[in-house]
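These protein sequence lines map, in sequence, to chains A and B. Each residue of the first sequence is one higher than the one before, starting from 22 at the first, in the working numbering. Each residue of the second sequence is one higher than the one before, starting from 16 at the first, in the working numbering. Notes follow once the structure below has been shown.
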Amino acid sequence: MVLLQRPHILLLLIDTHQFLQCWIAFGSANEEGQQQEEFSEELLVKPLPDHKLLAHFHFQSSAPPSTSNGCHHHLFPKAISQLVQKFRVKEMELSFTQGRWNYESWGGFDPISSSNAKPPGVELWAVFDVPQHHIDASWKNLTHTLSGLFCASINFLESTATYSTPEWSFPPASGNVRYGTFPCEAVCTENLTPWLRLLPCRDKAGIALLLDRPSLYRGFYHSQRLHLTSTESSSEGIDSGIILEQTLTVVLQPNSERAIEVHASEKHVQPSWSLSSIFGKQVSGRCVLAKSSSVYLLLDWGLVAELKFPNKENGKSAANGLTSENFWSNPSFELSVNPDRIFLEESSSHSKSLSILYMFQVEKYSESEPFDIGLMWKVPVAWLCQQTPLHASRFFMGSGNERGAIAISLKSTQFTEGFMSANSKDGSCELRVDVFQVVPWYVKVYFHSLRVFVDQQPRAVSDFIEKIHVSPSKDKMSPGVMEVVLKLPCRVNTAALTIEFDKGFLRIDEYPPDANQGFDIPSAIISFPNFHASMVFLEDDSLNRSPLLSKFQHNQMHSVCTILWIIAQCAAKACC
Amino acid sequence: MEKVKKKIGSFSFWNWVTASIIFRLILIYFPKNLNLSSRPEVSTPLTSFRRLAEGYWLKQSFMSPYAGSMYHGSPLLLSLLGPLTINRIEGQPNHLLYSLVSVIADVVSAMLIRATGQNLRLAYLRSLESLDLVKQIEVSEFLFSGDIAALIYLCNPFTIVACVGLSTSPIENMAVILCLYGACSRLIPLAAFGWVIATHLSLYPAILIIPVIFLLGCGPDSPPRKLFLQRHQQKEVLNQSKLPPRFSWGPVIHFAFWAFLWSVYVLVLCGISLKQFGGLWEMFKSTYGFILTVEDLSPNIGVLWYFFAEVFEFFRNFFLIVFHVNILFMILPLAIRLRHRPCYLAFVYVAICSMLKSYPSVGDSALYLGLLGWFVNELADMQFSLFLFCGYVGVSLLSPVMHNLWIWRGTGNANFYFATAMVYACLQIVLVVEGVSAMLNHDRKLRNLITGKPQDAKS
């Protein structure tokens with residue numbers, strides 16, 4: 022018996038030995054390798070002028086560009102890395118949005134709104150690193166994979182009638198980009214759960230603990246975004262470093278019963294809030310796997326200007342003394358927790374005052390002493406967020422079910438006025454506006470009917486449109502895409518683009534289940550490429566390590582206005 | 016009768032022509048062409064002016080005019096009429112030049128109809144003479160069918176609406192009429208040109224090759240050849256000169272040669288104008304292909320849109336074949352029965368096409384109603400003519416109302432509009448059936464006159 026058993030033991034020993042070797046090799050690679058898989062979690066809270074609160078969760082995971090780990094990952098979600106490797110995705114962004122970003126009161130010219138205000142429903146764009154003729158196949162596979170990953174109907178974007186190939190509306194594009202939206206997708210917790218599953222701590226620890234479903238979905242706006250970039254390292258291009266950025270932006274109404282009771286007459290009283298009152302939960306320490314875990318409170322420069330900090334004049338010097346009492350205990354508000362650091366915006370060309378950022382390290386807190394930041398307003402305060410250069414809205418003109426027109430109207434905001442006065446020296450001041458509009462094939466757009474109205478006067482199209490690219494829709498084959506570059510004079514008050522269309526008639530089985538509800542037309546994306554919504558905070562070591570703030574600094578994104586509009590279409594249905 | 020005859024005097028004819036032209040010009044000066052250009056009855060995906068303008072715009076922006084599913088017409092039309100879609104004269108209504116082209120096309124068509132009608136009338140009189148029936152049928156009461164047909168064509172509200180509504184059907188109709196005129200007046204190159212252009216523009220006139228061959232082979236409409244033979248057997252003198260000529264292949268071969276030449280010419284022109292785009296294959300796919308595979312389901316006065324909006328996908332091809340073969344099935348029996356009356360055969364074919372084509376418009380009805388005017392003398396005994404007239408009036412009044420109820424007010428549904436489309440289709444069927452039977456009855460009447468006359472003499 023003993024003799025018989027021996028070989029087994031030997032085998033077992035060899036196995037464990039191999040395993041140990043592997044383990045050691047793995048560990049040593051990690052130790053010596055300067056690039057490790059990293060994860061960081063951050064939350065940014067920002068009071069909004071209309072008594073609401075913006076909470077922006079930012080989770081970033083990165084995988085180093087190396088083969089040393091094979092296809093194993095410590096923190097990085099395996100599903101995502103497999104997806105990137107399989108479909109050779111260079112860059113991809115998927116967003117699920119419910120509600121509309123209110124550009125007028127929530128601002129449109131700061132890094133958060135410019136990259137996180139998304140069109141309602143599902144939006145997906147991806148840049149592929151494959152030969153041209155394989156892109157469509159890759160896109161189809163990608164949509165199906167994402168559909169499975171996120172429990173959403175992204176697979177409807179597979180059909181050629183739903184996605185488009187923008188020529189120059191997307192900066193990274195070089196013909197390899199595909200863009201698709203599915204505006205009528207209902208976004209709910211079933212999409213959030215798979216999204217959270219990509220986080221190493223899920224929502225069991227760290228900042229993600231705050232993601233309480235009932236309070237999230239009670240909000241006014243809710244956008245959950247997944248952005249990934251893969252950078253090629255080796256010449257073969259097989260291995261790639263992947264940076265996965267998961268953000269969740271919510272606009273919530275703080276529970277302001279007390280404020281209403283007290284100052285019912287006063288309109289400008291901001292509601293006091295705390296994280297526990299908004300989300301109903303507290304942060305009990307960081308996610309242990311996270312490299313950094315911090316919460317920021319951002320006070321807009323508009324708000325800061327209203328608050329009149331006592332030593333506003335020498336604000337910059339005060340920022341160096343980070344624990345300066347003046348910045349966090351103020352006659353107008355009170356923070357329940359002392360901030361660990363305070364940052365002032367480095368420079369701002371556009372405004373008189375600078376934004377202030379309070380940073381709270383979550384590491385310090387624990388189960389026994391949970392982190393819960395609160396802000397209590399003492400005096401009424403009213404301010405305005407910084408607007409986009411032009412406020413855009415889209416209308417549907419005409420009545421009936423035969424034809425109509427789309428009008429995109431641009432109205433100048435106070436920002437444009439400031440911009441105009443700043444640039445009034447040179448007479449040839451021009452404002453560049455890019456319009457990107459996709460319409461489904463059953464909206465049969467007559468591109469020759471494009472009209473431009475500047476200051477309510479019909480003008481020649483060639484005077485204001487610098488560049489135009491259209492790809493007309495093919496019945497049941499491809500959507501219509503219009504990309505227009507408008508060059509408007511800075512003094513413009515209003516500008517409008519109108520374009521006529523006929524409503525196509527569908528076959529009986531092409532109608533959605535509730536046809537009388539109408540069809541959603543994908544949002545128009547209006548961007549101002551000459552404006553960079555960046556927010557640079559004072560140079561600091563810790564700042565460089567924060568992915569969220571570095572995102573702010575290197576924000577090359579232009580402001581994007583998205584508008585959704587529903588078109589009602591009659592069914593050519595017979596009442597049989 | 017005499018009053019009518021006087022009215023249709025030469026002087027009165029020109030008055031009517033001028034009046035109809037002036038009426039068109041007045042309508043053109045209404046703002047936005049009375050929105051006629053977007054009526055589904057007037058502009059189909061094939062004849063729509065806006066789609067033509069879109070195609071021209073795409074071509075000007077260095078894109079294929081067939082990119083997207085907007086334009087489905089001919090590239091030649093784009094080169095000829097396209098510039099007129101954007102040219103504007105200060106102080107004049109938009110698209111004035113284009114409207115003027117439509118008006119000219121209508122007038123030219125009317126003149127060609129008139130010339131052909133006179134031709135047909137002469138031929139008819141000649142054949143009556145050779146049958147010695149001049150006394151029995153009071154030739155003095157014969158109407159000038161050419162004038163009547165031309166006036167019907169010019170004053171028909173359908174024609175006016177199609178002309179003012181900026182559709183391309185006046186041009187297509189002109190090509191068809193040019194073909195028939197050329198064949199009647201034995202201008203073979205002209206006939207071939209008309210046939211090739213008409214086929215190129217709207218495909219369906221291709222079947223007019225059968226009446227054209229008969230026209231060229233045996234000459235214009237006449238009573239059946241066997242009547243002449245019977246007549247001469249009775250007289251027992253065979254006067255060859257009075258017999259209608261036998262079928263001669265010479266002009267037909269001549270026609271085929273010219274048709275080939277013209278089609279090569281047209282294809283080369285199309286190829287040149289589409290050289291940097293998709294080429295001829297793309298053109299065929301988005302013109303003929305679009306016609307044959309009823310892709311656009313927007314409502315029109317036909318019946319196919321409704322049917323194909325409802326039919327299951329896997330039956331679609333089957334029914335496409337059924338509907339198109341329907342036209343082809345009718346060609347042969349009608350050709351055999353009416354071979355001695357090629358112009359009437361052409362009328363019947365045009366009517367059938369406008370009934371069964373995938374995107375019919377009132378412009379097509381205008382054409383066959385105009386052609387019907389040629390046969391006022393033969394069809395004098397036609398039944399249901401009042402019923403048909405009232406039906407046409409009723410449908411053309413009800414159809415816009417139903418369309419409004421359905422599309423604009425949303426108080427009706429598709430069935431409201433489709434009901435008028437069905438009534439319209441039925442009216443056209445009745446018209447064709449009654450027309451054909453009236454023509455056959457007319458031939459029968461002639462035969463009775465020939466065979467009955469000796470009996471009368473005996474008794």
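Note that the Cβ used here is the ideal one computed from N, Cα and C, for glycine as well.
query, result
"Hey, how far is the Cα of residue 328 of chain B from the Cα of residue 307 of chain B?", "16 Å"
"Judging by CA-CA distance, which residue of B:395, B:30, B:66 and B:368 is the nearest neighbour of residue 165 of chain B?", "B:30"
"Tell me, please, whether the CB atom of residue 144 of chain B is closer than 9 Å to any CB atom in chain A?", "no"
"To the nearest angstrom, report how far apart residue 232 of chain B and residue 460 of chain A are at their CA atoms.", "55 Å"
"Is it buried or exposed, residue 317 of chain A, if we count other Cβ atoms within 10 angstroms and call 16 or more buried?", "buried"
"Please state if the CB of residue 284 of chain B and the CB of residue 91 of chain B are separated by a distance shorter than 9 Å.", "yes"
"Taking 8 Å as the cut-off, does the region 176 to 189 of chain A touch the region 147 to 167 of chain A (at least 3 CB pairs, one atom from each stretch)?", "yes"
"Locate the alpha helix (DSSP H) running through residue 106 of chain A, then write down its first and last residues.", "99 to 108"
"Does the beta carbon of residue 436 of chain B sit closer than 9 Å to a beta carbon anywhere in chain A?", "no"
"For residue 296 of chain B, count neighbouring Cβ atoms within 10 angstroms of its own Cβ and tell me buried if that reaches 16, exposed if not.", "exposed"
"Taking the alpha-carbon of residue 290 of chain B as reference, which of B:367, B:276 and B:79 has the nearest alpha-carbon?", "B:79"
"In whole angstroms, what is the alpha-carbon distance linking residue 524 of chain A and residue 463 of chain A?", "6 Å"
"Is it the case that the region 469 to 477 of chain A contacts the region 515 to 532 of chain A, given that we only count it when at least three CB pairs across the two stretches are under 8 Å?", "yes"
"Taking 9 Å as the CB-CB cut-off, is residue 527 of chain A touching chain B?", "yes"
"For a test of the three-state rule: what should DSSP assign to residue 180 of chain B, helix, strand or coil?", "coil"
"One question on the structure: do residue 453 of chain B and residue 394 of chain B come within less than 9 Å of each other, judged by their Cβ atoms?", "yes"
"Any beta carbon from chain B within less than 9 Å of residue 494 of chain A's own beta carbon?", "yes"
"Give the DSSP bridge partners of residue 147 of chain A, in chain order.", "A:113 and A:199"
"In the DSSP assignment, find the unbroken alpha helix (DSSP H) run with residue 113 of chain B in it and report its ends.", "111 to 145"
"Smallest Cα separation from residue 130 of chain A: which of A:542, A:482, A:412 and A:453?", "A:412"
"Of all the residues that make up the region 77 to 98 of chain B, which are near chain A by a beta-carbon distance shorter than 9 Å?", "78, 82, 83, 84 and 85"
"So what does DSSP say about residue 236 of chain A, is it helix, strand or coil?", "helix"
"With DSSP as the reference, please indicate the residues paired to residue 248 of chain A in a beta bridge.", "A:114 and A:266"
"Just checking: is the beta-carbon of residue 71 of chain B within a distance shorter than 9 Å of some beta-carbon in chain A?", "yes"
"Report buried or exposed for residue 200 of chain A, applying the criterion of at least 16 other Cβ atoms within 10 angstroms of its Cβ.", "buried"
"Taking residue 458 of chain B as the reference, which of B:338, B:72, B:41 and B:148 has the closest Cα?", "B:148"
"With 9 Å set as the bound, which would you pick, yes or no: does the beta-carbon of residue 449 of chain B sit closer than that to a beta-carbon of chain A?", "no"
"Using a beta-carbon distance below 9 Å, is residue 542 of chain A in contact with chain B?", "no"
"Closer than 7 Å by beta-carbon distance: list the chain B residues that pair up with residue 424 of chain A, in chain order.", "53"
"Answer with yes or no whether the minimum CB distance from residue 539 of chain A to chain B is below 9 Å.", "no"
"Mark residue 74 of chain B as exposed unless 16 or more other C-beta atoms lie within 10 angstroms of its C-beta, in which case mark it buried.", "buried"
"Rounded to a whole number of angstroms, what is the C-alpha to C-alpha distance between residue 53 of chain B and residue 425 of chain A?", "12 Å"
"Under the rule that 16 or more other beta-carbon atoms within 10 Å means buried, what is residue 434 of chain A, buried or exposed?", "buried"
"Which residue or residues does DSSP assign as beta-bridge partners of residue 524 of chain A?", "A:464"
"Measure the Cβ-Cβ separation of residue 61 of chain B and residue 183 of chain B and say whether it is below 9 Å.", "yes"
"Who pairs with residue 510 of chain A in a beta bridge, going by DSSP?", "A:451"
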